[in-house]
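Here the structure is laid out as structure tokens; the discussion comes afterwards.
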Amino acid sequence: MSNDSAEISSILPILQNLMECLLSPNNEIRTQAEKTLNTEWSIAQPNSLLLGLAYVMNESSDPNHRGFASVLLRRVSLKEDFNSTNSEDIPDATVWVRAKEDTRAQVKALLLSALDRETDSSSRNKICDTVSDIFNFDDSWPELLSTLFAISSSANPSHRESAYRIFCGCPQLLIDQNPQSIRDAFIGAFQDSDSSVRLAALKAGVQVLMAFDEKHKPKLDSMVHQMLSVLEPLVLANDEQSLVECLSSLSELAEVYPKSFRPILVNILEFGSQIGSNVNLLDATRQVAIEVLVTLAEAAPGICRKQPQFCEKLIPIILNMMTEIEDDEDWYTVDTLDEDDNEDNAVFGEQAIDRLACSLGGKQLLPVAFQHIPNMLSAQEWQKRHAALMAISAIGEGSFKIMKNELENILNIVCPYIRDPHPRIRYAACNTIGQLSTDFSPTVQEKFHSIVLQSLIPAMDDVSNPRVQAHAAAAMVNFSEEARKKTIEPYLDTLFERLMKLLTSEKRYVQEQAITTIATVADSAQELFRKHYSAIVPQLLNVLENASEKEYRLLRGKAIECASFIALAVGYDVFKPDATKFIDLLIKTQSLVVDDDDPQISYLLAAWARLCKVMGHDFIPYLPVVMPPLLKSASLQPDFAILDSEEDASLKYSSEDGWEFANISGQQIGIRTSVLEEKCTAVEMLICYSRELGAGFEPYAKSVLDLILPMLKFYFHEGVKFASTAALSPILESMKSSISLEAANSAPGAPSTKSAEFVATWSKVCDILLKSISNEMDDPSFISQLFSSFADCVEVAGEGCLTNSQLQEFITVVNRILLANMKQIEERHKQFSSGDSADEEEVRIIGEDEVAESEAMDSISKAIRLVMKTNTHTFINMFDQLIPTLVMFANPALNSSANRDNDSYALQWFICVFDDFVEITGPSSWTYSQYFLSTMIQSLDLSNRPDVRQAAAFGIGICAQFGGPVYSNAVAQALPSIAQMIASKDSKAEENIYATENAISALVKIMTYNSSSLPNIEDALVLMFSGLPVLYDEDEAHVVYSYLNQVLEENNVFSSVLQKFSQQQSLSDNVYLSTKSATMNPAQLEYILSVPNGLGLLHLVNVLVDVLVAEILEADLCTKLAGSLHRLLQNCPDETKAALWMSIGNEKQQSLQLLGYA
């Protein structure tokens, strides 16, 4: 040790001098010092570096040096990237790993020594952070726990604080300890005489609670109640900084382990309310107190709903915070619109009430909110009116179910405020109308367009308040995004005139917003916008030609967006004369982009994709221009930053630049998300090009695949991962289209080089997808995307696309996932059947898990279907491997809950798989009928869930259509249940409609393909006719109405059906008369019923009108059905014709006329 000490003594002056240079304010000196640290110390002599820093931390007389040595020790110990230009010089591991074991032991001992000796609080805290980080990296440190136990009961409060600070940084130290002992120790620490110890103990207690597993967490729950005792003294001492730190920790606990707050909900609600309503406290203090409660509501809404005072206490405080807004003169005169400060109480309040509405729902929140909102709306103070309007705007999404029924009243309350004397209120009214247009689309657009647009359009004339003008135009974007062109059409000319006026505003942000709104309106109006094309597009091109200064980049980007949207709306024939000029301007703009943060980049990426859609194959010559920057964007890698917990990230890493930080193990880990958004957009554009251009994209297909295949493991951004997966099938399709094109242009029998390349590429993609599926078992949403993409790729690759080994791998991975999901299903069923009632929060979480799992299973069944379809013979040979697992999903015990809502998706999924199996393998499927047929028939019973009955009814139709005569008896056995589904009094209820329509379609397929199983086909026709209309399941609608059209052409047959229907059906059972009788003229109704087959005629006319107006069938079939309707009416007396016409109502009469059928 003496030799080591001598060596360390000799290097300490050098090291200390280096530390001085690292702290130098001179950038050049500091940069050189960092290089020296990396190359001459971290890489060349890691042992000396670590020991030297540990000695400085113990021996230096300057507390600043000791603290910096601790920070430096932590940084260099765990560093991997040494910024060396020579890759051969970069070591493969951290400094800590490369140091000798003896060195690491000495450093650990010196750290504990420094912890004992340090008297400066700042330096001691840095030592604690270093101890925590090193332990988290290297937990072979048995002396640490015993040391911490010892100092946690030391007479020195600094020692006690240090112990809990380290427990906070590495809570896993306590995982294997007795929970009772831990709880008692922490409760004692919460009562410590020193406030710093209490604060450190609270933070550590939160981390320990979160670190423990679910089984042991409840044993520590009582700690949470005692944590409240730490808070009160902080309030009395006016120590707001410490109070904020404690409440922030509790907010983190509320998010991760909300159940621990159940026993103290009343207490924490009372405390949080007192702090939140105390206007004498700092904004940050009040906000974090409310944040704890809002986070708790999001994490455990069930717990909070059961506390009747929760909303009653919290909502008034939040509404009051929303009134804390200054009438700042800058608001009116500003030239650029920056994001509002998220720390303002008003903005915080808006976000809080929005989150509460989404978590607790309108049933809880609305009654309390509307105890206050009406009075606020009528208040003299504009701030209260502003807060009330913004509150209505914020709560709409979460209160959708209740507010949708009061939407007209709400709009009638809000819209008049667009004429309020105060411009801030007019602005808020625009904001609320826009948000309601989004949250309640398309209802607002279809039913209340008049009141909305008659408010927003005049608001654009508020020339003395440009921000109101811009916000009215922004609200029009919300409205137009979900508006159909027939809704926009009556207002289009007036709206366009106002927007063109806004382009002359002196405020650039008004011009920018006007351009965005024009783009959205054009997108909704489609070809109706052609008449305005010549008025706007030259102006947009003029902007691109002349607005070249840097401050106009956003304006140019919006002009690019607008022009491309208009091109898409009006069509290539109108746009073509300007296409070359516009593209030249885009190319020029793209060539001038030099800054990575240039906003034009994202607009260019999207605009090129829209032009591709507009121009089709005429766009192919421009790919060499478009693809290089697109591939550059798709290749972007995330930017990372690692900071100490004490550093202010906002100084160097602005949130406006896309930086987001999270606290992990005592450090701030940052990632620049804006880069990832650009990357994701680029991949989505690649999907567009490959899909739209087909064979024209093939020259880029292989290089693009090489780029995106590794992105299936891009864990930094889900969107990138999902988009990369979705891109595979259209890229493969482009390659396959190129093969077809090559074959068409080659001599017969000529060899195809592209065909061999496609086979090799597909094989590579297939193997990567199967491996990815195997590696992503714990992520249901991504599993869903992977299987869906795999299925699409298999469909592209075509018949015989899987080798035996690939098919075996597919079967194996499917089996693994099915078994894992079955385990989850059984655990959920056991929980519901145990008699132990799950609380509302547990039910919600279980429901969310099951939905994600169910969506993944749908993609699995899609993949099974496509594999079966393209590799039928080899798949059937391996199908027996899946049977034992598949039949587990038909287990009756999993589908027999007293509450059918608790049944799993298992049975419905099982039936769907065998529906596909019968459809693809036909009569050969009979060999396996023992596994599914009786289950399918039994599942038609009305006691089953609607989705189960829908799958079973579809399956019976498939058996009739594809199964052949061997299925005749089974089909006949199913008929009574099919009839019961169609005739049930609740057959048209919202939850049953798809099951009913599939039952009607199944009956049609039986009549068409397996009529021998029917005792009387005419009775079956009457049953089918009584079940009409079919309007929701478009696939089955085609089947049903194609058959109805055939029957209508056979007059004798259908006349008999009308007669039987009129005789058998009662007025109250008829879907049309049960609702029409109140509006039809009683005399006309009586007349219709007196006409021969009158009830049948009325039903048929309404059925045909409904399906024509619904626009769900292809044009040719609609024309035929419309012809049948005309012939039917022509053969009727005028009085009968008039009565039938009246029966369909004014709205449908107008729709028929617009569609050209009347």
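Counting along the sequence shown from 1, when you hit position 421 you're at 421 in the UniProt record's numbering, and nothing is skipped either side. Glycine included, every Cβ here is placed at the ideal spot set by N, Cα and C.
Cβ pair residue 383, residue 323 closer than 8 Å: Locating residue 383 in the sequence shown gives position 383, where the first residue counts as 1. Locating residue 323 in the sequence shown gives position 323, where the first residue counts as 1. Yes, they are a contact pair.
Hey, out of 276, 628, 55, 101, whose CA is closest to residue 141's CA? Residue mapping note: residue 141 aligns to position 141 of the sequence shown, counting from 1. The shortest C-alpha separation from residue 141 is found at 101.
Quick one: residues in its chain with C-beta nearer than 6 Å to the C-beta of residue 258, no 5 flanking neighbours on either side, listed in chain order? Looking up residue 258 in the sequence shown gives position 258. Excluding sequence neighbours, residue 258 sits near 296, 299, 300.
Cutting at 7 Å between CB atoms, please list the residues of its own chain near residue 116, excluding the five before and the five after it. One-based indexing of the sequence shown puts residue 116 at position 116. The answer is none, since no qualifying residue turns up.
When the Cβ atoms of the stretch 374 to 389 are set against those of the stretch 414 to 431, are three or more pairs found closer than 8 Å? Yes: the two stretches touch, three or more of their Cβ pairs being nearer than 8 Å.
Among 978, 443, 1013, 1015, whose alpha-carbon lies nearest the alpha-carbon of residue 997? Position 997 of the sequence shown, counted from the first residue, corresponds to residue 997. The candidate whose alpha carbon is nearest that of residue 997 is 978.
Can you look up residue 762 in the DSSP assignment and give me helix, strand or coil? Here residue 762 is taken as the residue at index 762 of the sequence shown, counted from 1. Helix, per DSSP.
Can you confirm whether the stretch 939 to 947 touches the stretch 976 to 994 when touching is taken to mean that 3 or more C-beta pairs between the two stretches lie within less than 8 Å? Touching, yes, given that three or more Cβ pairs across the two stretches are closer than 8 Å.
Taking residue 485 as the reference, which of 468, 1002, 569, 558 has the closest Cα? Reading the sequence shown from its first residue, position 485 is the one you call residue 485. Of the candidates 468, 1002, 569, 558, the one whose C-alpha sits nearest the C-alpha of residue 485 is 569.
Buried or exposed (CB count within 10 angstroms, at least 16 for buried), residue 69: Indexing the sequence shown from 1 puts residue 69 at position 69. Buried, by the Cβ-count rule.
Which residues mark the beginning and the end of the alpha helix (DSSP H) in which residue 888 is found? For the purposes of this step, residue 888 is taken as the residue at position 888 of the sequence shown. Start and end: 883 to 888.
Less than 8 Å separating the beta-carbons of residue 122 and residue 67? On the sequence shown, residue 122 is found 122 positions in, with the first residue counted as 1. On the sequence shown, residue 67 is found 67 positions in, with the first residue counted as 1. Yes, the pair counts as a contact, with Cβ atoms nearer than the cut-off.
Taking only three categories from DSSP, how would you classify residue 226? By one-based count along the sequence shown, residue 226 stands at place 226. Helix.
Using 8 Å as the Cβ pair cut-off and three pairs as the minimum, do the stretch 305 to 313 and the stretch 282 to 292 touch? no
Return the Cβ separation of residue 1004 and residue 1043 in integer angstroms, given the expectation that the two are a contact with Cβ distance under 8 Å. If you number the sequence shown from 1, residue 1004 lands on position 1004. If you number the sequence shown from 1, residue 1043 lands on position 1043. Sure, about 5 Å apart at Cβ, within 8 Å.
Quick one, are the C-beta atoms of residue 702 and residue 761 less than 8 Å apart? Here the question's residue 702 lines up with position 702 in the sequence shown. Here the question's residue 761 lines up with position 761 in the sequence shown. With respect to residue 761, residue 702 sits close: the two C-beta atoms are nearer than 8 Å.
Do residue 817 and residue 777 have their C-beta atoms within less than 8 Å of each other? Looking up residue 817 in the sequence shown gives position 817. Looking up residue 777 in the sequence shown gives position 777. Cβ distance < 8 Å, so residue 817 and residue 777 count as in contact.
Cβ-based burial, residue 596 [other Cβ within 10 Å; buried from 16]: Indexing the sequence shown from 1 puts residue 596 at position 596. Per the 10 Å Cβ criterion, exposed.
Closest by CA to residue 682, which one among 988, 255, 1149, 603? What you label residue 682 is simply residue 682 of the sequence shown in a count that begins at 1. Of the listed residues, the one whose Cα sits closest to residue 682 is 603.
Note down, one range per segment and in chain order, each alpha helix (DSSP H) of at least 4 residues found wholly within the stretch 400 to 470. With a minimum length of 4 residues, the continuous alpha helix (DSSP H) runs that stay inside the stretch 400 to 470 are 400 to 403, 407 to 414, 423 to 439, 443 to 447, 449 to 459.
According to the Cβ coordinates, are residue 229 and residue 190 closer than 8 Å? Reading the sequence shown from its first residue, position 229 is the one you call residue 229. Reading the sequence shown from its first residue, position 190 is the one you call residue 190. Yes, the Cβ-Cβ distance between residue 229 and residue 190 is below 8 Å.
Drop a sphere of 10 angstroms on the beta-carbon of residue 181, count the other beta-carbons inside from all chains shown, and report buried for 16 or more, exposed for fewer. Within the sequence shown, numbered from 1, the residue matching residue 181 stands at position 181. Answer is exposed; the Cβ neighbour count stays below 16.
Helix, strand or coil, according to DSSP, for residue 659 in the structure here? Translated into positions along the sequence shown, residue 659 becomes position 659. It is a strand residue.
What three-state label does DSSP hand residue 672 in the structure shown? For this step, residue 672 is matched to residue 672 along the sequence shown. Note: residue 672 maps to strand in three-state DSSP.
Three-state secondary structure assigned by DSSP to residue 1061: Taking the first residue of the sequence shown as 1, we reach residue 1061 at position 1061. Three-state result, residue 1061: helix.
Taking only runs of the alpha helix (DSSP H) that begin and end inside the stretch 14 to 58, which ones reach a length of at least 4 residues, in chain order? Uninterrupted alpha helix (DSSP H) stretches at least 4 residues long and entirely within the stretch 14 to 58 occur at 27 to 36, given in chain order.
Host alpha helix (DSSP H) of residue 124 (start-end): Mapped onto the sequence shown, residue 124 falls at position 124. Element bounds for residue 124: 121 to 137.
Proximity to residue 728 [Cα-Cα], best of 553, 98, 706: Sequence index remark: in the sequence shown, residue 728 carries index 728 (1-based). The residue with the shortest Cα to Cα distance from residue 728 is 706.
In three-state DSSP terms, what is residue 640? The sequence position of residue 640 within the sequence shown is 640, counting from 1. Strand, per DSSP.
With a floor of 4 residues, list each alpha helix (DSSP H) that falls wholly inside the stretch 984 to 1013, ordered by position along the chain. Taking only runs of at least 4 residues, the alpha helix (DSSP H) segments lying wholly in the stretch 984 to 1013 are 993 to 1009.
Contact under 8 Å by Cβ, residue 688 with residue 719: Residue mapping note: residue 688 aligns to position 688 of the sequence shown, counting from 1. Residue mapping note: residue 719 aligns to position 719 of the sequence shown, counting from 1. No, these two residues do not count as a Cβ contact at 8 Å.
Of all the CB atoms in chain C, is at least one closer than 8 Å to the CB of residue 670? Of the chains in the structure shown, none is chain C; there is only one protein chain.
Taking the alpha-carbon of residue 554 as reference, which of 934, 1023, 633, 508 has the nearest alpha-carbon? In the sequence shown, residue 554 corresponds to position 554, counting from 1. Comparing Cα positions, the closest option is 508.
Selection from 791, 917, 855 that minimises the alpha carbon distance to residue 862: Stepping through the sequence shown from its first residue, residue 862 is reached at position 862. Measuring from the Cα of residue 862, the nearest candidate turns out to be 791.
List the whole-angstrom C-beta distance separating residue 510 from residue 466, where the pair is believed to meet the contact cut-off of C-beta under 8 Å. Translated into the one-based positions of the sequence shown, residue 510 becomes position 510. Translated into the one-based positions of the sequence shown, residue 466 becomes position 466. Residue 510 to residue 466, Cβ: 5 Å. Contact.
Residue 654 versus residue 253: straight-line alpha-carbon distance, rounded: Residue 654 sits at position 654 when you count from the first residue of the sequence shown. Residue 253 sits at position 253 when you count from the first residue of the sequence shown. The straight-line gap from Cα to Cα measures roughly 27 Å.
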